[in-house]
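Have a look at the structure below before the remarks.
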Amino acid sequence: MRSVLFMLAACFLLSGCNMLPEPGSLIQAPKLASATSLENESIQSIAKKYLPKGTALVTANAPVSADSVLYTDLNGDGQEEIVVFYQSKINPDQVGMFVLEKQSGEWEKIFAKKGLGYDVNWASSSDFNGDGKKDLLVGWKIGSTAGNVLEVYSWGDKGLKQLTKVNYHVLESIEVQDDPKTRLAVWKKDVNDIYDIQLLKWENGALVADEEHYPSYFPKAVDYYKSRIDRVPDASYYWYYLADAQLKSNHPEQAQKSIEHGMRLKMIVPSFNQFAELQEKIEKRLQEYDRSEIQYEVRDAGITLDIPKEIARYITIEEENAPMVGYAVSVFVSPEEKKDLLFTIFIHSKEMSVPEPDSNLEKIAENDQYIYFAKRNKEKIYPTGLEPELKDVYEQSIAQVDKMIANVRPGLVYPSYTSLEESEAIKLANEAANKYWYVTSGGKITGEVDSFTSDEGLDYRYMGSDLDTREKLNAFLGESYTTSAIQSYINRVKIINHNGKLAQPNADGGSLVNHEKAIVIGMRDNGNEKEFDLKTPLGSSLYYEYIHVVFTKTSDGWRISSDVGTF
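Going from the sequence shown to the numbering used here is simple: count from 1 and add 39.
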């Protein structure tokens, strides 16, 4: 896929099209450090001074972060406190934490606590209770079966106090669009890979279900259970939990189809009565649904479709790349195993490319970024081999195509959200990619490029003054990558020391892959290693490629162990 994208980019550039940004414009120099990052080294050394005897700093398992300590303003006075996590050198199962505050120019330990478990599973700070100040969220690992316990601390008149705690196996810190208060997505393991999933918020002094934002979050649970069904389609319990997630996503028509499928299979856990109760809830929701159309969000495409209620359960929506750096959303009618295309929506970035006029493409919408086209399936659809009721579904679906196309619109129904773990992974991957391209460009070079030919006949150039020694190069890349990844990269691209300065083979480059706008589509937690699968757009378009990034936990924080320059 990467080669296809670079060939595509080259075709645009060589043809003289000025709609694509120059790759070089996407290469970023090392950014000036903020006041916080300037102090990071000293913060580490300060934290170590206050460690209990016989302990060492420890990096939390989540979320992935470039630092092993938290530096955050907990009391709202504009000055950051230092939150330090440690483990025993003799017995690594003994962990704890403490908080340092600067008082009269000196750091003082104002809070300390021994860990409830044997590892630090979570460490973050955000406004959890809505008072405008950051609260401290700390998760302790209890055991593989028992999971973890999260403690939330808030700053009050007498310093930090525990606000609440909650058990979990998987945790997400959620920020909902236009709402500063953090939510918790809590996944508690039930049986095997089945989870009781809750979206919680702090309200009136207690944790309560945030049902208002279920439709924003629970499509993630829908995707999770669909992936399980793909592997084990005859497991009734997956269909039960899929139906529950679909109902919470405000898609009772999908939930009805799933619960009916599950009830045709062997039901043990959940029981038949539980299936029947959920089915009753779904049918009640359908009866109460007061719209003639059901709204379908296609989040990655940023559009909403209105599907007539009577055919909605038989509609399938699929997404994929389209020609001319476009993005396609296809709508199918799909009763039982049969599936036929009704129409496709094509989305093109104004800055990248726009299709030539085509009688088969109907422009249906436009905004500052994108132009939207519709293309009807003009091939005859034959609903053969179906019961009369399903043939009627086909006829209704075909008759409603024009109306469905007319109701396609940019924008979403429900607020979007960000997951802290995912946004941190994307941020670190973006920073790492920028560092790679900066090194590839040679670094800070003033005047003419000084070059030479190596003994092997390769054309080399000396690297810039900010990258011309191993120490400088290691320090720069070491903010993002593991030591072994850096060494592998230096060997692979044949960076050498020549006359006391680093030099690299002549190369130019840049990338149109927009890591900053990536979407996490999968994550595997292997303990001290995490793998993220990202769906990453090309430039300002929705055209994407998949990239795989591996993070490894180190004593200094999480670092990328994937080969430099491979994502």
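Even glycine gets a Cβ: it sits at the ideal position worked out from N, Cα and C.
Since we're looking at a predicted model, the values are computed, not measured.
Where does the unbroken beta strand (DSSP E) through Thr221 begin, and where does it stop? Thr221 to Lys228
Alpha helix (DSSP H) segment containing Ala471, residue limits: Leu459 to Ser480
Given 8 Å, three or more beta-carbon pairs between the stretch 159-176 and the stretch 189-206: yes
Have a look at Lys430, Ser288 and Leu380 and flag the residue whose alpha-carbon is nearest the alpha-carbon of Arg338. Ser288
In angstroms with no decimal places, state the Cα-to-Cα distance between Leu577 and Arg563. Their backbone Cα atoms lie some 25 Å apart in a straight line.
Suppose only complete runs of 3+ residues qualify. What are the beta strand (DSSP E) ranges in the stretch 494-536, listed by chain order? 498-501
Cβ-based burial, Phe590 [other Cβ within 10 Å; buried from 16]: buried
In whole angstroms, what separates the C-alpha of Gln67 from that of Lys378? Any reading at Gln67 must be qualified, since the residue scores a pLDDT of 41, below 50, and its modelled position is unreliable; no value is offered.
Skipping 5 residues on each side, what residues in its chain have a beta carbon closer than 6 Å to that of Glu120? Excluding its 5 nearest sequence neighbours in each direction, Glu120 has C-beta neighbours in its own chain below 6 Å: Leu113, Val138 and Glu140, listed in chain order.
Mind checking whether Ser523 and Leu467 have CB atoms under 8 Å apart? no
Suppose contacts are defined by Cβ-Cβ distances below 8 Å. Is Leu451 in contact with Thr343 by that definition? The criterion of a C-beta distance shorter than 8 Å is satisfied by Leu451 and Thr343.
Work out the CA separation of Ser392 and Tyr234 for me, nearest whole Å. One C-alpha to the other measures close to 43 Å.
Under 8 Å, do Tyr456 and Ser255 count as touching if we go by C-beta distance? yes
If distances are taken between C-alpha atoms only, which option among Ala224, Ala294 and Gly244 comes closest to Lys201? The identity of residue 201 in the sequence shown is Gln, whereas the question assumes Lys. The option with the nearest alpha carbon to Gln201 is Gly244.
Cutting at 7 Å between CB atoms, please list the residues of its own chain near Asp602, excluding the five before and the five after it. Ala524, Ser527 and Tyr528
Spatial neighbours of Val215 within its chain, please: CB distance less than 7 Å, with the 5 preceding and 5 following residues excluded, ordered by chain position. Arg222, His252, Ser255, Pro454 and Tyr456
Answer yes if the stretch 505-521 comes into contact with the stretch 459-474, meaning at least three C-beta pairs across the two stretches below 8 Å, and no otherwise. yes
Just the Cα atoms here: how many angstroms apart are Ser127 and Tyr157? 10 Å
Whose C-beta lies closer than 8 Å to the C-beta of Lys87 among residues of the same chain, with five residues either side of it excluded? Leu96
In the DSSP output, what is Tyr119 paired with across the bridge? Residue identity check: residue 119 is Glu in the sequence provided, not Tyr. BP columns for Glu119 are empty, so no partner.
Asp595 to Gln293, Cα distance in whole Å? 46 Å
Going along the chain, which unbroken runs of the alpha helix (DSSP H) with 4 or more residues stay wholly within the stretch 411-458? 427-438 and 440-445
Answer with buried or exposed for Ala151, where buried requires no fewer than 16 other C-beta atoms within 10 angstroms of its C-beta. exposed
Tell me which residues share the same chain as Lys352 and place their Cβ nearer than 7 Å to its Cβ, disregarding the 5 neighbours each side in the sequence. The sequence as given places Arg at residue 352; Lys does not occur at that position. Glu292, Gln293, Gln295 and Lys296.
Could you tell me which residues DSSP pairs with Phe371 in its beta bridges? Thr355 and Leu380
Using only CA atoms, which one of Phe606, Ile410, Phe311 and Glu299 lies nearest to Glu322? Comparing C-alpha distances from Glu322 to each of Phe606, Ile410, Phe311 and Glu299 shows the shortest one belongs to Glu299.
As assigned by DSSP and simplified to three states, the class of Gln83: helix
Roughly how many angstroms lie between the CA atoms of Lys511 and His208, to the nearest whole one? 41 Å
List the endpoints of the continuous alpha helix (DSSP H) containing Pro10. Limits of the chain in this structure are 40 at one end and 606 at the other, which puts residue 10 out of reach.
Contact check, Phe371 vs Glu357 under 8 Å by CB: the rounded distance? That pair is a contact at about 7 Å.
Using only the alpha-carbon positions, how far apart do Tyr277 and Phe257 sit? 15 Å
Can you give me the Cβ contacts of Lys540 inside the same chain, cut-off strictly under 8 Å, excluding the 5 residues immediately before and after it? Tyr501, Met502, Asp507 and Thr508
Going by the CB atoms, is the gap between Ser107 and Thr627 shorter than 8 Å? A query on residue 627 cannot be resolved here, the shown segment of the chain reaching from 40 to 606 and no further.
Can you name, in chain order, every residue of its own chain whose Cβ lies under 7 Å from the Cβ of Gln439, other than the five neighbours on each side? Pro347 and Ile350
Contact set for Glu570: own chain, Cβ-Cβ below 6 Å, skip 5 residues either direction: Arg563 and Val589
To the nearest angstrom, report how far apart Tyr264 and Ala284 are at their CA atoms. 8 Å
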